[in-house]
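Reviewing the structure listed below.
Numbering (our numbering), first residue to last: 4 to 88.
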């Protein structure tokens with residue numbers, strides 16, 4: 004009986020952790036798109052613009068980076084859901 008209770012509690016804890024992680028991923032995705040929406044209002048000498056420009060020079064526009072983040076978030080959430088089934 005105690006083993007069954009432990010297994011149920013472990014499953015509940017895993018579910019809570021997975022939901023917290025999914026929420027964090029969604030907030031990360033939203034933050035990326037919020038930054039994109041504010042991109043034009045950032046000053047040209049902004050550290051954020053410099054960091055992104057250095058990391059993705061001539062390869063991707065920031066919109067594409069946001070889409071990549073969005074796809075990664077969706078893929079990761081789907082993997083979590085598959086493991087829960």
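Every residue, glycine too, gets a C-beta built ideally from N, C-alpha and C.
If you're wondering where the values come from, they're calculated on a predicted model, not measured in any experiment.
Excluding residues up to 5 positions away in sequence, 69 lie with their Cβ nearer than 7 Å to the Cβ of residue 36 in the same chain. Straight across, the Cα-Cα distance linking residue 27 with residue 19 is about 12 Å.
Looking only at 72, 81, 85 and 83, the smallest Cα-Cα distance to residue 34 is reached by 72.
7 Å or more divides the Cβ of residue 80 from the Cβ of residue 6.
For residue 27, the enclosing alpha helix (DSSP H) stretches over residues 5 to 41.
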